[in-house]
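Number of protein chains: 2
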Amino acid sequence: MSQRRILVVDDEDNLRTMLVAALKYEGYDVSFAPDGQTALKMVRESSPDLIVLDVMMPDLDGFAVCKRLRDAGNRTPVIFLTARDSASDKVQGLQIGGDDYLSKPFALEELVARVEAVLRRVDSSPDSAETWTLADLVMDDVAHRVTRAGEEVHLSPTEYNLVKFLLQNTGRVLSRGQLLQNVWGYAPDDDPSVVETYVGYIRRKVDAYEPKLIHTVRGVGYTMRVQQA
Amino acid sequence: MSQRRILVVDDEDNLRTMLVAALKYEGYDVSFAPDGQTALKMVRESSPDLIVLDVMMPDLDGFAVCKRLRDAGNRTPVIFLTARDSASDKVQGLQIGGDDYLSKPFALEELVARVEAVLRRVDSSPDSAETWTLADLVMDDVAHRVTRAGEEVHLSPTEYNLVKFLLQNTGRVLSRGQLLQNVWGYAPDDDPSVVETYVGYIRRKVDAYEPKLIHTVRGVGYTMRVQQA
DNA sequence: CAGCCTTCTTAGCGGGTTCTTAGGAACGCC
DNA sequence: GGCGTTCCTAAGAACCCGCTAAGAAGGCTG
């Protein structure tokens, strides 16, 4: 997956700088704006993949910015930041079309987790295009073609479905039962050893490269993601 | 927003045809299935945006279909149709993970209204991102990932469950008995030495940082919180 | 109909995980 | 400060989980 671009909008210099640094550290391509007007302009010009938006700002506040975007038909995911923790604020934020909501003070790690959760959800939503990518792994569902590092990877039908389902749920841990149901159409409590065999198969094909994308979560299941140390 | 896709599942031909026609007329992209098995297959293959699901069907009934989907981790919104109007049915339907409930006979307009309401609600609700945080400790349950100060912390299944339960009860002191019950599924008066061993394990991993988050309450049990001295 | 690809089962190995035990350390009460 | 109680830790044994190899069974294609 190509690098995700995030726009951070906050009028407080210190906080904004910190957010930008933290997200950059996580590997995102981060830009920032100090106020609502600038933010709207930047969204129009660079259409980021996600916006982290402070609610309390002078002039045009976060809610207003989001509302303007939505009214203009822009569906870029928004995560609101606010000092307040009232339920009514949260409701308002979500009604306006926000995707998540974080009350100050919060741990930077929590912001990162929520950013990932929102991007994960957006990525796997069914109306996104019919090609999935993760790092240098590309699956073109229309052409029914899978490539890793530019080289074509030949997969049997079941292998293909397994990779596809894992890819559609990037970052999410899937149990053997879930895989049995969604890839094989079996009952969740059927013998899961087929799954293990097939994970072995696709590992030898898809993960014959670095970085490894298929990970075992012992006692739980499997997941696909780029492992950040 | 692209056209929304709805799957109608009903074994009665006449009703099903009518529903399909009505929803198509409203501008939805409608497909249909005559029974539960077919429905499950179609959901897997085409992942619709919403499912209208008759409860009373031979073989695999509506509740069973919904349960199978939810167990497989599929969160597609479901509206149940039923001939019965009992409160217990409604409760069962919602418990299983249905989003709305309609008793026959109903006006087509009512179905349309509920379809729109459910879609609107789903669009604006954020991921109920199951993440818990305490200071710089973050647990992302979907990704099954735990980080402290941004670094990933590897936990065995039992360790993970223990941290999760402590984190879900932040600030509350949990007795060894409670932990035995909720993390191990043992009786509360079983030998609590396992708990001590595991608290030791997770201390070395998640409390290898400052501030310490896991605290012993002598004579009572353990708790997780940021210690303000 | 023969050969290949694919699917799935089985069995064994290796290593992570769980749990027990026991000794020593820390705490708190008197 | 002494003493009993509670808690911590190290170490090891048994266990279970997941990986892999190998082969049987089924299906598709030439």
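Here the protein sequences line up with chains R and Z, keeping their order. Per our numbering, the first sequence starts with residue -11, numbered consecutively. Per our numbering, the second sequence starts with residue -11, numbered consecutively. Note that the Cβ used here is the ideal one computed from N, Cα and C, for glycine as well. In this text, all values refer to a predicted model and were calculated from it rather than measured experimentally.
Item	Value
CB contact flag (Arg108 (chain R), Gly85 (chain R), <9 Å)	no
Beta carbon proximity, Gly165 (chain R) to chain Z, threshold 9 Å	yes
Distance between Leu150 (chain R) and Leu99 (chain Z) (C-alpha atoms, nearest Å)	36 Å
Chain Z contact for Phe94 (chain R) (CB, 9 Å cutoff)	yes
Ser163 (chain R) burial status per 10 Å Cβ neighbour count (16 or more: buried)	buried
Under the three-state DSSP convention, the category Phe51 (chain Z) falls into	helix
Under 8 Å by beta carbon: chain R residues contacting Pro22 (chain Z)	Neighbours of Pro22 (chain Z) on chain R: none; closest Cβ ~18 Å, over 8 Å.
Counterpart residues of Ser181 (chain R) in DSSP-defined beta bridges	Beta-bridge pairing links Ser181 (chain R) to no other residue.
Member of Z:His132, Z:Val106 and Z:Ala105 whose CA lies at the smallest distance from the CA of Glu118 (chain Z)	Z:His132
Local Cβ density within 10 Å of Asp179 (chain Z), reported as buried at 16 or more and exposed below that	exposed
Inter-residue Cα distance where the pair is Val8 (chain R) and Lys92 (chain R)	16 Å
Terminal residues of the beta strand (DSSP E) in which Asp88 (chain Z) lies	Asp88 to Ser91
Sufficient close CB pairs (3 or more, under 8 Å) joining the region 191 to 200 of chain R to the region 132 to 145 of chain R	yes
Residue from R:Met30, R:Val187, R:Leu38 and R:Arg(-7) with nearest C-alpha to Val17 (chain R)	Inspection of the sequence shows that residue 17 (chain R) is occupied by Asp rather than by Val. Comparing Cα-Cα distances from Asp17 (chain R) to each of R:Met30, R:Val187, R:Leu38 and R:Arg(-7), the minimum goes to R:Arg(-7).
Beta carbon of Thr211 (chain R) nearer than 9 Å to that of Leu154 (chain R)	yes
Closest residue to Val126 (chain R) among R:Val106, R:Val110, R:Leu201 and R:Asn170 (Cα-Cα distance)	R:Leu201
Test item: CB-CB of Asp47 (chain Z) and Gly24 (chain Z) under 9 Å	yes
Which residues DSSP lists as bridging Ser35 (chain Z), in chain order	According to DSSP, which records beta bridges pairwise, Ser35 (chain Z) is partnered with nothing at all.
The ligand MN heavy atom lying under 8 Å from the CB of Glu33 (chain R)	No copy of the ligand MN appears in this structure; indeed no ligand is present at all.
Candidates R:Arg102, R:Asp37, R:Leu57 and R:Ala60: closest to Leu69 (chain R) by CA position	R:Arg102
Val18 (chain Z), enclosing beta strand (DSSP E) - first and last residue	Asp17 to Ala21
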